[in-house]
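**Q**
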Amino acid sequence: MDFTNINDPAGVKALLDQLRSSQAWQQVVGTSTSESTTTPPQPTDTVSSVPSEPSEGPTDHEPPPVHVGFPQASASASASSSTSFAPPATVASLLSQLSAPAADPPRDFHHPYPSSTPTFGSAPAYRTPPILHPDPVHASSSTASAAAVPSSARKVDLRSCTFQQALPRLAQLAEDADFVAAVSKMKHDQNNLERRLFDERRGVLKNQQERIKTARTKASMIGSTISQFEADSMTSSFRRELNKFDTERALPAWDGLISKQQTELEGLGVPAMFLTTLTADRERQQRVVQVLTGMVADK
Numbered sequence: 001m002d003f004t005n006i007n008d009p010a011g012v013k014a015l016l017d018q019l020r021s022s023q024a025w026q027q028v029v030g031t032s033t034s035e036s037t038t039t040p041p042q043p044t045d046t047v048s049s050v051p052s053e054p055s056e057g058p059t060d061h062e063p064p065p066v067h068v069g070f071p072q073a074s075a076s077a078s079a080s081s082s083t084s085f086a087p088p089a090t091v092a093s094l095l096s097q098l099s100a101p102a103a104d105p106p107r108d109f110h111h112p113y114p115s116s117t118p119t120f121g122s123a124p125a126y127r128t129p130p131i132l133h134p135d136p137v138h139a140s141s142s143t144a145s146a147a148a149v150p151s152s153a154r155k156v157d158l159r160s161c162t163f164q165q166a167l168p169r170l171a172q173l174a175e176d177a178d179f180v181a182a183v184s185k186m187k188h189d190q191n192n193l194e195r196r197l198f199d200e201r202r203g204v205l206k207n208q209q210e211r212i213k214t215a216r217t218k219a220s221m222i223g224s225t226i227s228q229f230e231a232d233s234m235t236s237s238f239r240r241e242l243n244k245f246d247t248e249r250a251l252p253a254w255d256g257l258i259s260k261q262q263t264e265l266e267g268l269g270v271p272a273m274f275l276t277t278l279t280a281d282r283e284r285q286q287r288v289v290q291v292l293t294g295m296v297a298d299k
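Laid out in structure tokens, this is it:
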């Protein structure tokens, strides 16, 4: 509570209480009451600085200069001259300062009320956020678009499908002409690779047979036969050539084809199809592909 701050209602009220309890205030109130009963006050717009006429003898009740229309103002001025901590203002102004804050409703500066006309760049503060109801048309369109695009969760579900769960999906895909054409092309590419690898391996075997025939011809020309050592050496050499072809040519080409088919079938939405090298997953994929091949062949 600050007596020197006229904006402090509690300080002003305490100051007024102190003024009313002082002896000077009682003297002014008594003198003003007696004067009001004899002669009515003449209202004026100026402050009179001339004191009342002094009596013939000294008196203890000589009033200080007052405002004619506001007797409380002269009492405040007298009290301010005798009190060091009182603010330099009249009682009327103090009362106006005291009553001014009561005119406006109290406001919470931490949570300001929204104005009736919001300004640009600032949004009114609400106690609770407004509830927005989506437009049925936009909601249905967004739901349809979300269903059309496969999500990651949907892909995971297709990957984890069992063989029995994959059958209805396979029957649905088999009715799509574009899907049937894509699977037929994949089957054609596989047949071409198998035929090419078979021809290359048969070429290796043919070269070995030619080498055996040449060795027998040489042996018959000198009147002898192929020794057991030469036969074992040629057999070991032929076996190494076949193993090299299988490990370095046939198997990598076959693994590459399987990986390509896994990726393409997953992109077409075939259940249980994804890029993997695990034996259990490949066995499940093989069963799915067998059923799918039979459905496509019937088309």
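Using UniProt numbering, you'd call the opening residue of the sequence shown number 1 and step up by one each time.
Don't be surprised by glycine CBs; every beta carbon is placed ideally from N, CA and C.
1) Need the endpoints of the alpha helix (DSSP H) that S224 sits in, please.
2) Tell me whether A280 sits in a helix, a strand or coil according to DSSP, three-state version.
3) Quick check: the segment 274-294 against the segment 190-206, are at least 3 beta-carbon pairs closer than 8 Å?
4) How many Å lie between D189 and K218 at the Cα?
5) Round the Cβ separation of A166 and A280 to the nearest angstrom and send it over; I've been treating them as touching at under 8 Å.
6) May I have the straight-line CA-CA distance separating G30 from Q23, to the nearest angstrom?
7) Report the rounded CA-to-CA distance for residue 303 versus N192, giving the unit in angstroms.
8) Which residue marks the beginning of the alpha helix (DSSP H) containing V12, and which one marks its end?
9) So, does the segment 262-277 touch the segment 287-298, judging by three or more C-beta pairs under 8 Å?
10) Leaving out the 5 sequence neighbours to the left and right, which residues in its chain are closer than 8 Å to A231 when beta-carbon positions are compared?
11) Can the beta-carbon of F245 be found closer than 7 Å to that of R202?
12) Using three-state DSSP, classify V270 as helix, strand or coil.
13) In chain order, what residues of the same chain lie with their CB nearer than 6 Å to the CB of T162, ignoring the 5 residues before and after it?
14) Is N192 helix, strand or coil by DSSP?
15) Can you give the beta carbon distance from R211 to M234, rounded, assuming they're within the 8 Å contact cut?
16) What would DSSP say about T293, mapped onto helix, strand or coil?
17) E210: beta carbon under 6 Å from a heavy atom of the ligand ATP?
18) Taking all protein chains shown into account, decide if G256 is buried (16 or more other Cβ within 10 angstroms of its Cβ) or exposed.
19) Within 10 angstroms of the Cβ of P11, are there 16 or more other Cβ atoms? Answer buried if so, exposed if not.
20) Is it the case that the Cβ atoms of R159 and F274 are separated by a distance below 7 Å?
21) Please list, in chain order, all residues of the same chain as L132 whose beta carbon is under 8 Å from its beta carbon, the five residues on each side excluded.
**A** In short:
1) Looking at the DSSP string, S224 is not in any alpha helix (DSSP H), and its letter there is neither H nor E.
2) In this structure, A280 counts as helix in the three-state DSSP scheme.
3) Taking 8 Å as the limit for Cβ pairs, the verdict is that the segment 274-294 does not touch the segment 190-206.
4) Roughly 44 Å between the two C-alpha positions.
5) Not a contact, Cβ separation roughly 15 Å.
6) Distance between the alpha carbons of G30 and Q23: 11 Å.
7) The chain is shown from 1 up to 299; residue 303 falls before or after that span and cannot be answered.
8) Run containing V12: 9-20, per the alpha helix (DSSP H) assignment.
9) Taking a cut-off of 8 Å for Cβ pairs, the segment 262-277 and the segment 287-298 touch, as three or more such pairs fall below it.
10) Within the same chain, A231 has no close Cβ partners at all.
11) No, the pair does not count as a contact, with Cβ atoms beyond the cut-off.
12) Coil, per DSSP.
13) For T162, where only same-chain residues beyond five positions count, there are no Cβ hits under 6 Å.
14) DSSP places N192 in helix when its eight states are reduced to three.
15) About 7 Å; that satisfies the 8 Å criterion.
16) Reduced to three states, the DSSP call for T293 is helix.
17) The ligand ATP is not part of this structure, which contains no ligands at all.
18) The Cβ neighbour count for G256, taken over all protein chains shown within 10 Å, is under 16; the residue is labelled exposed.
19) Here residue 11 turns out to be Gly, not Pro, going by the sequence shown. G11 should be labelled buried.
20) Contact check for R159 against F274 passes: the beta carbons are separated by less than 7 Å.
21) Because the pLDDT of L132 is 45, which lies under 50, any placement of that residue in the model is unreliable, and the question is left without a value.
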